[in-house]
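Engineer: First, the structure itself, so that you have it in front of you.
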Amino acid sequence: MNMKLFRYIVCLLLLQGAFLWASRPNIVWLVTEDNSVHYLKLYDPLGADMPNIEQLAENGLVFNNAFSNAPVCSAARSTLITGCYAPRLYAQNHRREVPVKLSKGQHMFPWYLRQAGYYTTNNSKEDYNVEKGEGVWDESSKKATFRNRGEGQPFFHVQNFGTTHEGKLLLTKEEMEKNPTRNPHDPEFIFPFHPDTEVFRYTNARYRDLHEDADKEIGNFLQQLETDGLLEDTIIFYYGDHGGVLPGSKGYIYERGVHVPLVISCPDKWKHLMPVKAGSRLDGFVSFIDFGPTVLSLAGISVPDYMDGKPFLGKGVSASSLDKRNTTFSYADRFGEKSDLVRAIRVANFKYMRNYQPFNFDGLQNNYRYLMVAFVEWRELHNQGKLSPESAQFFEPRAAECLYDLEEDPFELNNLADNPDYRGILLSLRNQLKQQVLSMPDLGLIPEPELLKHAVNDPVAYGQQHKAEIAEMVRIADLCLEPFSQARKGLRKALVSDHPHYRYWALITCSVFGAEAESLSKLISRMAVEDPDNLVRARAAEYLGLTRLTDPMPLLIECLKKSESPIEASLVLNTITMLRDGQTGYSIELKKEWLPEEWRKNASVVKNRYAYLFGN
34 MNMKLFRYIV
44 CLLLLQGAFL
54 WASRPNIVWL
64 VTEDNSVHYL
74 KLYDPLGADM
84 PNIEQLAENG
94 LVFNNAFSNA
104 PVCSAARSTL
114 ITGCYAPRLY
124 AQNHRREVPV
134 KLSKGQHMFP
144 WYLRQAGYYT
154 TNNSKEDYNV
164 EKGEGVWDES
174 SKKATFRNRG
184 EGQPFFHVQN
194 FGTTHEGKLL
204 LTKEEMEKNP
214 TRNPHDPEFI
224 FPFHPDTEVF
234 RYTNARYRDL
244 HEDADKEIGN
254 FLQQLETDGL
264 LEDTIIFYYG
274 DHGGVLPGSK
284 GYIYERGVHV
294 PLVISCPDKW
304 KHLMPVKAGS
314 RLDGFVSFID
324 FGPTVLSLAG
334 ISVPDYMDGK
344 PFLGKGVSAS
354 SLDKRNTTFS
364 YADRFGEKSD
374 LVRAIRVANF
384 KYMRNYQPFN
394 FDGLQNNYRY
404 LMVAFVEWRE
414 LHNQGKLSPE
424 SAQFFEPRAA
434 ECLYDLEEDP
444 FELNNLADNP
454 DYRGILLSLR
464 NQLKQQVLSM
474 PDLGLIPEPE
484 LLKHAVNDPV
494 AYGQQHKAEI
504 AEMVRIADLC
514 LEPFSQARKG
524 LRKALVSDHP
534 HYRYWALITC
544 SVFGAEAESL
554 SKLISRMAVE
564 DPDNLVRARA
574 AEYLGLTRLT
584 DPMPLLIECL
594 KKSESPIEAS
604 LVLNTITMLR
614 DGQTGYSIEL
624 KKEWLPEEWR
634 KNASVVKNRY
644 AYLFGN
């Protein structure tokens, strides 16, 4: 090949690359931490003034129904970055024990952008429960910037704002007194399930102050984009990374924990990628599983089949198709040392919540959560018997299934599950949620020590291999939704099964029935002593304690001593804490020598429980 021809080909390739880059928008995510729609005036008259966000809304789209699938950071961000439901990836727990791996051929969605020529940057939070792998970000740090891209190269940039994070509200009473708020201590700010105290009024006002501060930071960033001459080529997303942090929000899949603000601003150059005109508010449901696929769609990149989400912007998305989107699925599992298992599905204004372990009441101790003065005061008022019935619910066992009409009951205080007028809706949503859990399948049903041993290298494949077993666990768990007279035979069969996970879930279901299952108590008493599986023995002791048939603490102490891993010990400690702090009120004198020093010092799920139970 002669030099003249070679130069011609190189120039042609460069021109082709420049054309492809010019045909793709820049995309920026502006992310504030820990805030639901309840705190922005854009969504609620009592919300904070955020003029920069409101300006984006005037020139863009406001999504009235945007949802984080998880109510806490690492599970939410794992969902965002993969486009997949976290419970099928074993990425649903916060904090992770180890990062899990994606299956071969699966990547975090920015990888696909890089393959298409985008410059991808993240400033700066990752917090994934999934191994990142190679080729996701060109830069990911507190100094990451799109300004290092190639000439004319399109970019995808994430800018995280931590100003509204929960940690900003962890003030002592003395610090609260020394730091007045700009916003008034308005009783109207108080949610109907919170006590109306000066502590709660201050915390609400401070939280709105922080939103205003975050808005100023966002304004500064937008000014940088304008100075760089990039606004006319850049589609901007603003959203919250999950719900708010006032007590009973973050960590819980009530609306206040998952219903997030979402505003998307699009310059004239890319208006053809928007389904409706600027300034519109959209009622169609979008969730975090959809965000990655939407970015790929806007960039003209095919969405991989393995992703659970669907684009809500880009070519092929119409206003009518958005209007038809009316469903979101959410999940809450282990939050630090506090273990739970809750799933919910919302269809239009009705929300169905399945509490698989309803005796693990919402207010169960989590050390980080209870660093907030408002949290501590709430529990103190409960212990003193000074709460309203609505406010006391947080510290009481829940129903196994709940149904809420969010139009009439936006704070999910009136459970309609037993109301015969809503029976048809209940059964429909119950079945939809069950099918969602089965279809993934949901790894949350499998005790976490088992997942740590066998699932971390390819959780998706592990789930498919154990799909039938998970389905059987779901069936056993759902026996609690039947009258005990109909469930008894199936429960007894599961209690004597050769499979430890079936026995495990049969015992949890017996605990949901409580005293109704007393005819099985002799069998359960033997299991508490003789079962070969340590966690099965612990669940048997849990049942005996919840029904007050015996003091469960000596049995649980033996299970604690025989735990083979910190996460196994944490599940036993979760039961001990629940039985001590809950309505049963058992006492325990914990001893340090029962667990290895390494676990007590370095494993947070054990360390935090020990610190709490020892009172230091």
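Per my numbering, the very first residue in the sequence shown carries number 34; after that it's consecutive. Think of the CB as a built atom: it goes at the ideal place given N, C-alpha and C, for glycine as much as any other residue. The structure presented is a predicted model; accordingly, all values stated were derived computationally and were not measured.
(1) Once you ignore the five residues that flank M560 on each side, which residues in its own chain have a CB closer than 8 Å to its CB?
(2) Quick one: any contact between the segment 317-325 and the segment 93-107, if contact means 3 or more CB pairs under 8 Å?
(3) Among L646, S598, S552, whose alpha-carbon lies nearest the alpha-carbon of K522?
(4) Closest to D67 by C-alpha separation, out of V293, V470, V489, E502, would be which residue?
(5) Whole angstroms are fine: how far does the CA of K640 sit from the CA of E130?
(6) For S107, which of V163, D82, G80 has the nearest alpha-carbon?
(7) Are the CB atoms of V489 and W133 within a distance shorter than 8 Å?
(8) Alpha carbon to alpha carbon, how far is H218 from E483?
(9) Out of T267, R289, G277, point me to the one whose CA is closest to L306's CA.
(10) How should D564 be labelled, buried or exposed, when 16 other C-beta atoms within 10 angstroms of its C-beta is the threshold for buried?
(11) Just the C-alpha distance for S620 and A432, rounded to the nearest angstrom, thanks.
(12) Between A377, Q390, Y385, which has its C-alpha nearest K371's C-alpha?
(13) Would you list the one or two residues that DSSP bridges to H127?
(14) Pull up the CB-CB distance for T617 and R581, whole angstroms please, since I reckon it's below 8 Å.
(15) Mind checking who A81 pairs with in its DSSP beta bridge?
(16) Just confirm the distance between the C-beta atoms of L485 and I557, as a whole number of angstroms; I'd bet it's less than 8 Å.
(17) I'd like to check one pair, V328 with I60: are the Cβ atoms closer than 8 Å?
(18) Per DSSP, what are the beta-bridge partners of A99 in this structure?
(19) Would DSSP call T580 helix, strand or coil?
(20) Quick one: what's S298 bridged to in DSSP?
(21) For Q148 and E167, what's the separation of their Cα atoms in angstroms?
(22) Within 10 angstroms of the Cβ of S330, are there 16 or more other Cβ atoms? Answer buried if so, exposed if not.
(23) Quick check: the Cα distance between M83 and E245, rounded to an integer number of angstroms?
(24) For L258 and L264, I'd like the C-alpha separation in whole angstroms.
(25) Locate the alpha helix (DSSP H) running through F517, then write down its first and last residues.
(26) Apart from the five residues just before and just after V278, which ones in its own chain have a Cβ nearer than 7 Å to its Cβ?
(27) Count the other CB atoms, across all protein chains shown, that sit within 10 Å of the CB of D301; report buried if there are 16 or more and exposed otherwise.
(28) Might you give, ordered along the chain, the residues of its own chain that have their beta carbon closer than 6 Å to the beta carbon of A247, omitting 5 neighbours on each side?
(29) Tell me which residue opens and which closes the beta strand (DSSP E) that N193 is part of.
(30) In this structure, how does DSSP classify R182 when only helix, strand and coil are distinguished?
(31) Note down, in chain order, each residue of its chain lying with its Cβ closer than 6 Å to the Cβ of S598, except the 5 sequence neighbours on either side.
(32) Under the rule that 16 or more other beta-carbon atoms within 10 Å means buried, what is Q468, buried or exposed?
(33) What residues are listed by DSSP as bridge partners for A377?
(34) So, at 6 Å on beta carbons, what are the nonlocal neighbours of S637 in its own chain, with the 5 sequence-adjacent residues on each side left out?
(35) Based on the DSSP secondary-structure assignment, which residues constitute the bridge partners of C435?
(36) Can you give the Cα-Cα distance for R128 and D171, rounded to whole angstroms?
Structural biologist: So, from the listed chains and residues:
(1) Cβ within range, chain order: L528, R536, L540, V569, R570, A573.
(2) The segment 317-325, when compared against the segment 93-107, does touch it at the 8 Å Cβ threshold.
(3) S552
(4) V293
(5) Whole-angstrom Cα-Cα distance: 14 Å.
(6) Comparing Cα-Cα distances from S107 to each of V163, D82, G80, the minimum goes to V163.
(7) Before going on, a small fix: residue 133 reads as Val here, not Trp. Cβ distance < 8 Å, so V133 and V489 count as in contact.
(8) 48 Å
(9) T267
(10) buried
(11) 25 Å
(12) Q390
(13) F368
(14) 6 Å
(15) L73
(16) Contact flag wrong, Cβ pair sits at about 27 Å.
(17) yes
(18) V293, V319
(19) Coil at T580, not helix or strand.
(20) Its beta-bridge partners are G93, I269.
(21) 12 Å
(22) buried
(23) 6 Å
(24) 6 Å
(25) It spans 517-528 - the alpha helix (DSSP H) in which F517 sits, taken as one unbroken run.
(26) D67, E199, L202
(27) With fewer than 16 neighbouring CB atoms inside 10 Å of its own CB, D301 falls in the exposed class.
(28) T65, F194, T196, T197
(29) 188-194
(30) coil
(31) P482
(32) exposed
(33) S363, M386
(34) Cβ neighbours of S637 beyond the five flanking positions: none.
(35) M386
(36) Between the alpha carbons of R128 and D171 lies a distance of about 26 Å.
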